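First comes the structure, then the notes that go with it.
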């Protein structure tokens, strides 16, 4: 029977797809693990490539907001989780999907028409209000559609065959008091990063497992949640569950978690934990030992879940 994973491949400007197999993995077996990184476009070249395709005017120095809002290190953590699992159990394989579309222009983890809810302590929207040119909206909607269709096929290939999906994210160290993502976002980010303002914003947990719907229903498997929380505590990291965010119905992550209950885990890792020195407005490179520290608890919990299932 054809393996649906084999039909998945990278799409230029949309997603990078990687197939990782342990030394003893059956090439015809479905992957055990999916790592889906919807905010994987975290390099300046990702931003520049799409920015160059935009027809309309955009806020000046918008790249500063890109650096402030990109999930730097999420791809690195997710890939390292997969590598650890395959090293520990070489009979297993993993499918990795990294979105290459910067959320600065369109957020592929949102429904494309999702509204901005920052003022209510919620999430950014699908396409920011500063994107006004009709051609740009057509372009971004098409890219969004292409990525979501690929992600849907990836979840079907892995979770549909009984496997597990990890959705790794990273978030800024503090919850900034920014009411909206609009044409003034660069000025707002700069003001929030000013030394006298930055220290006043609430500090976020070092790791947050985004596992529950707004009504409290947990969609992640309890065994994985408990194992991850315990492993982070043992490593000296503050890990919590569903404290910063919930699986908001406007997100694709909530849709996938609801489609495959008990087979997914969404994780937020604080970005400053992944680098030697944090800077909100410039490009950062994850430090490998810090990535390892963030990935190990997740990898151990998922591997335990997989071994209990198959």
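Residue numbers (our numbering): 1 to 310.
Note that CB positions come from ideal geometry on N, CA and C, so glycine has one too.
Predicted model only: the values in this text are computed from it and were never measured.
Distance between residue 15 and residue 146 (C-alpha atoms, nearest Å) = What you label residue 146 is simply residue 146 of the chain shown in a count that begins at 1. What you label residue 15 is simply residue 15 of the chain shown in a count that begins at 1. Approximately 9 Å between the Cα atoms of the pair.
DSSP state of residue 134 mapped onto helix, strand, coil = Locating residue 134 in the chain shown gives position 134, where the first residue counts as 1. Looking at residue 134 - three-state DSSP - the assignment turns out to be helix.
Which residues bound the alpha helix (DSSP H) around residue 289?
-> Within the chain shown, residue 289 is the residue found at index 289, counting from 1. Counting along the chain, the alpha helix (DSSP H) containing residue 289 begins and ends at 288–309.
Please report how far the alpha carbon of residue 243 lies from the alpha carbon of residue 272, in whole angstroms.
-> What you label residue 243 is simply residue 243 of the chain shown in a count that begins at 1. What you label residue 272 is simply residue 272 of the chain shown in a count that begins at 1. Approximately 18 Å, taken between the alpha carbons.
Between residue 233 and residue 207, what straight-line distance do the alpha-carbon atoms span, to the nearest angstrom?
-> Numbered from its first residue, the chain shown carries residue 233 at position 233. Numbered from its first residue, the chain shown carries residue 207 at position 207. So the alpha carbons of these two residues sit roughly 10 Å apart.
Take the Cβ of residue 172 as the centre, count every other Cβ of all protein chains shown within 10 Å, and call the residue buried at 16 or more, exposed below.
-> Looking up residue 172 in the chain shown gives position 172. Buried.
Are the beta-carbon atoms of residue 337 and residue 264 separated by less than 8 Å?
-> The requested residue 337 is not part of the displayed model; the chain covers only 1 to 310.
What number of angstroms, rounded off, separates the C-alpha of residue 134 from the C-alpha of residue 140?
-> Within the chain shown, residue 134 is the residue found at index 134, counting from 1. Within the chain shown, residue 140 is the residue found at index 140, counting from 1. Going by the C-alpha atoms only, they are around 10 Å apart.
Would you be able to state if there are at least three C-beta pairs under 8 Å between the segment 47–55 and the segment 171–188?
-> no
C-beta atoms of residue 87 and residue 35 nearer than 8 Å | Against the chain shown, residue 87 aligns to sequence position 87. Against the chain shown, residue 35 aligns to sequence position 35. Against a cut-off of 8 Å, the Cβ pair of residue 35 and residue 87 comes out as no contact.
Sequence ranges, alpha helix (DSSP H) only - wholly within the segment 175–249, length at least 4 | 185–193, 195–198 and 222–234
Could you check the C-alpha separation between residue 196 and residue 40 for me, to the nearest Å?
-> Your numbering for residue 196 matches position 196 in the chain shown. Your numbering for residue 40 matches position 40 in the chain shown. For residue 196 and residue 40, the distance between alpha carbons rounds to 31 Å.
Sufficient close CB pairs (3 or more, under 8 Å) joining the segment 198–207 to the segment 215–224 = no
Buried or exposed by the 16-neighbour rule on C-beta atoms within 10 Å, applied to residue 236 | Along the chain shown, one-based indexing puts residue 236 at 236. Residue 236 comes out exposed.
Quick one: using the 10 Å Cβ neighbour count with 16 as the cut-off for buried, is residue 175 buried or exposed?
-> For the purposes of this step, residue 175 is taken as residue 175 along the chain shown, with counting starting at 1. Its Cβ having fewer than 16 others within 10 Å, residue 175 is exposed.
Assigned exposure category for residue 253 - 16 Cβ within 10 Å defines buried | Numbered from its first residue, the chain shown carries residue 253 at position 253. Burial call: buried.
Is residue 36 helix, strand or coil when you go by DSSP?
-> To locate residue 36, count along the chain shown from 1; it is residue 36. Three-state result, residue 36: strand.
What's the call for residue 249, buried or exposed, on a 16-neighbour Cβ count within 10 Å?
-> Start at 1 with the first residue of the chain shown, and residue 249 comes out as number 249. Looking at its Cβ environment, which holds fewer than 16 other Cβ atoms inside 10 Å, residue 249 is exposed.
What residues match up with residue 264 in a beta bridge as DSSP calls it?
-> The residue you call residue 264 lines up with position 264 of the chain shown. Its beta-bridge partners are 165.
If you draw a straight line from the C-alpha of residue 205 to the C-alpha of residue 42, how long is it?
-> Counting from one through the chain shown, the residue named residue 205 turns up at place 205. Counting from one through the chain shown, the residue named residue 42 turns up at place 42. Those two C-alpha atoms are separated by around 21 Å.
May I have the straight-line CA-CA distance separating residue 73 from residue 267, to the nearest angstrom?
-> In the chain shown, the residue the question calls residue 73 occupies position 73. In the chain shown, the residue the question calls residue 267 occupies position 267. One C-alpha to the other measures close to 12 Å.
Run the CB neighbour count on residue 107, radius 10 Å, all protein chains shown included, and call it buried at 16 or more, exposed below.
-> Stepping through the chain shown from its first residue, residue 107 is reached at position 107. Residue 107 is buried by the Cβ-count criterion.
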